[in-house]
Amino acid sequence: MTAVVALEGITRVFSLGDVDVHALRGVSLSVERGEFVAVMGSSGSGKSTLMNVVGCLDRPTAGRYLLDGVDVSKQSRAQLARTRNKTIGFVFQSFNLLARTSALENVELPLLYSGVGTKERKARATAALQRVGLGERLDHLPNQLSGGQQQRVAIARALVTKPSLLLADEPTGALDTKTSEEVMTLLTGLEDITVVLVTHEHDVAAWAQRVVTLRDGKILSDKQQTPFRLDPKRQEA
Amino acid sequence: MGPLQTSRLALRALLRNKLRSFLTALGIIIGVAAVIAMVAIGEGARSQVEETFAAMGTNLLIVMPGSNSSGGARGGFGTQPTLTWDDLKAIQTEASLVSGAAPTLRMNGQVQSDEQNWGTSIQGTTPNYFEIRRWPTTLGSPMSDSDLDSGAKVMWLGATVAEKLFGPGSDPLGQAVRVKGVPFVVAGVLAKKGQSPMGQDYDDTVFIPSSTFKARLSPGLGNFLSGVIFVQVRTGEDTARAQRQVTSLLRDRHRLGQGAEDDFSIRNLAEVASAQQQGADTLSALLASIAAVSLLVGGIGIMNIMLVSVTERTREIGIRMAVGATPGQILAQFLVEALVLAIVGGLVGVGLGLFAAQQLSVQFGWPLLVRADIVALATGFSGLVGVGFGLYPALKASRMDPITALRFE
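These protein sequences, in sequence, are chains A and B. If you're matching positions, the first sequence starts at 8 in my numbering and goes up one per residue. If you're matching positions, the second sequence starts at 665 in my numbering and goes up one per residue.
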């Protein structure tokens, strides 16, 4: 079985005028199907750049990136867009929902760009919103929803295309502790999906089965761990 | 994503900002409406001029006798009879570029039917005058050579005079009309000819044979022709050359040496007509170009708003790209937004322009002259403006880097 993400010697260099900034200096990483991996690191460690490369928002300067067995490191912008559309779902710290657009339409958005017909789009988006517990709020606008609910809409949007990989960039960064726990419970409870979570908080990384730590553009450590879960009793309370 | 989806997306984005979209489209609305209304005005003015000169007769020269100067007071053209009946014959036979010539002797006087009387101008002429002026007889028969040869006391009424003497729609054929006590029989009524370029009513006149005019009304001075000669030139392009030809012919006949002033004058109506025509064309072009500028300004308005909109919606663009919109799809979305603005504006502008043209035509009494090609052109051009001025902002949107766009606050 091929790895969902296979990075081989990825480097990424930004030229800022005369200075070259090496954000990634040869990162090799493999994420298997169904894994829940947290990428940690302080700011400047290269984790955002790594997440952009893994998310096909950016191309590596050198190295090879196989996503679902397909080499995407040399793809054009349009090809990358299609790859993002079909294979990746994003969850951002600041939710990134379209304003003045209903929850349902926000979730329909990726399907719109892959050319799914109106009826099927509506049905799949509704199902995705029900899956995250927002079946009753299809017509709500983002500003009528709480932060936790907005993040659920974003998760529904990420899941609606049935992607191979879900990329979460500080998904709890804008949420309070209780809501964060709810969102993390939702993310860790998803089945049949590979999740890469980028965070700088140990509390959040604790939910993952595996923690990869970056420093200065290189992998510092890569450890398996027993994932943290809420005590079901406490959850009920 | 099909074109229908893209259009719906664009429409929704435009409706989210109704006032702004309306104001942007307004530039195009006004531009297109202005083009259509202005061209209609220009066409109306041109048709007015054309109609006037068509009534006057084209390819026409008018030869007038010279001025009488006695004791330093120069009397103006026509005060001294210098043209002779032989001059007329010479113009008819010797000038190669001339297809016909006819005299008109003119006096003002009272014409009387049994019931009514009317002051008008009485003109003596020959049958070919009506050909030269393209002036058909609608009732009765046209003047014939035998009328001329016999000096018959027969009369053709202009439409205005017929109405004044016998009432509208009546049949005055065979009725008696007296001029200075001389009884004439009405032999025909002429077609309505309208107004001269100076606003004079062509139809307020009566015609009798020139021979009768001389014998019964105003004998004139022997062989001198106390009136003017209408000359018809073979083709319109030859008018100026024909004018020179007639001038040299008459100078020869009048034995004018070099340096001597002409003792006659020739008016070239084609020249007057083309001058007025040019005036109308210039007006037309001027109005159209002003309107075109306003359409261009409308287009720049679209570009301006689209640029603002692209910047404002940077984050939206980032989100769309992150979930898989290709640069082409983003380009299409913004281009279609500009197109919708321009085309909707163009269509509303066409409606408004047609309405304005209709109002103007009523106001000025012109025929409604909306040129279909101009309407199509204005609409097409507004679409083109949409693409032209929408393309740059749309390209700008499609070239955004999703990472930067997502971080945009």
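For glycine and all other residues, C-beta sits at the position ideal for the given N, C-alpha and C. Source: prediction; values computed, not measured.
- [ ] Verify whether the separation of the beta carbon atoms of Glu707/B and Arg1035/B is less than 8 Å.
- [x] yes
Task: Proximity below 8 Å, CB of Val699/B to CB of Gln776/B - done: no
- [ ] Determine the direct distance from the alpha carbon of Ala161/A to that of Asn103/A, and round the result to whole angstroms.
- [x] 7 Å
Task: C-beta contact flag for Thr802/B and Gly788/B at 8 Å - done: no
Task: Exposure of Thr899/B, with buried meaning 16 or more beta-carbon neighbours within 10 Å - done: exposed
Task: Cβ-based contacts, 7 Å cut-off: residues of the region 53-78 of chain A near chain B - done: Asn59, Leu64 and Asp65
Task: Cα-Cα separation between Arg710/B and Leu1018/B, rounded to whole angstroms - done: 18 Å
Open item on the list: Quick check on Lys225/A: does DSSP put it in helix, strand or coil?
Closed with: strand
Task: First and last residue of the uninterrupted beta strand (DSSP E) at Gln774/B - done: Val762 to Gln776
Task: Buried/exposed call for Lys753/B, threshold 16 Cβ in 10 Å - done: exposed
Open item on the list: Could you check whether the Cβ of Leu1059/B sits closer than 8 Å to any Cβ belonging to chain A?
Closed with: no
Open item on the list: Below 8 Å, how does it come out for the region 990-1001 of chain B and the region 1050-1065 of chain B: are there three or more Cβ pairs, yes or no?
Closed with: yes
TODO: Verify the CB distance criterion: does Arg684/B have a CB-CB separation below 8 Å to chain A?
DONE: no
Task: Secondary structure, beta strand (DSSP E): runs of 3+ residues fully inside the region 165-221 of chain A - done: 172-176 and 201-205
Open item on the list: Rounded to the nearest angstrom, what separates Val936/B and Pro745/B at their Cα positions?
Closed with: 25 Å
Open item on the list: Is Ala85/A close to chain B? Criterion is C-beta to C-beta, closer than 8 Å.
Closed with: yes
Task: Under the three-state DSSP convention, the category Glu779/B falls into - done: coil
Task: Any C-beta of chain B under 8 Å from that of Ser49/A - done: no
Task: Any chain A beta carbon closer than 8 Å to Glu980/B - done: yes
Open item on the list: Quick check on the DSSP output: what are the complete beta strand (DSSP E) runs of length 3 or more inside the region 106-159 of chain A, in order along the chain?
Closed with: none
Task: Through-space distance from Glu980/B to Ala1069/B, alpha-carbon basis - done: 8 Å
- [ ] Please report the Cβ distance between Trp749/B and Leu920/B, rounded to the nearest whole angstrom; I am assuming they are in contact, meaning their Cβ atoms lie under 8 Å.
- [x] Actually they do not touch by this definition, with Cβ atoms about 19 Å apart.
Task: Burial state of Leu679/B, where buried means 16 or more other Cβ atoms lie within 10 Å - done: exposed
Task: Whole-angstrom distance between Gly666/B and Thr975/B, CA atom to CA atom - done: 25 Å
Task: Partner residues on chain A for Val702/B, Cβ-Cβ distance less than 9 Å - done: One point to set straight first is that residue 702/B is Met, not Val, in the sequence displayed. Residues of chain A passing the Cβ test: none, with the nearest at roughly 40 Å.
Open item on the list: Nearest by alpha-carbon distance to Val167/A: which of Ser187/A, Gln137/A, Leu152/A and Glu177/A is it?
Closed with: Gln137/A
Open item on the list: One question on the structure: do Pro791/B and Ser808/B come within less than 8 Å of each other, judged by their Cβ atoms?
Closed with: yes
- [ ] Anything in the region 978-1006 of chain B with a Cβ closer than 8 Å to a Cβ of chain A? List those residues in chain order, please.
- [x] Arg979, Glu980, Gly982, Ile983, Arg984, Met985, Ala986, Val987, Gly988, Ala989, Thr990, Pro991, Gly992 and Gln993
- [ ] Count the other C-beta atoms from every protein chain shown that fall within 10 angstroms of the C-beta of Gln1027/B, then say buried if there are 16 or more, exposed otherwise.
- [x] exposed
Task: Cβ-Cβ distance between Gly96/A and Ser80/A below 8 Å - done: no
TODO: Determine the closest residue to Ile954/B out of Ser1046/B, Met702/B and Ala674/B, with distance taken between C-alpha atoms.
DONE: Met702/B
Open item on the list: Between which residues of its own chain and Met970/B is the CB-CB distance below 6 Å, once the five residues before and five after are set aside?
Closed with: Ala1002, Gly1054 and Pro1057
Task: chain B residues whose Cβ lies nearer than 8 Å to that of Pro117/A - done: Val987 and Gly988
Task: Proximity to Leu725/B [Cα-Cα], best of Phe871/B, Ile872/B, Ala816/B and Glu901/B - done: Glu901/B
Open item on the list: Quick check: is the beta carbon of Asn103/A nearer than 8 Å to any beta carbon in chain B?
Closed with: yes
TODO: Return the Cβ separation of Gly1013/B and Val696/B in integer angstroms, given the expectation that the two are a contact with Cβ distance under 8 Å.
DONE: 3 Å
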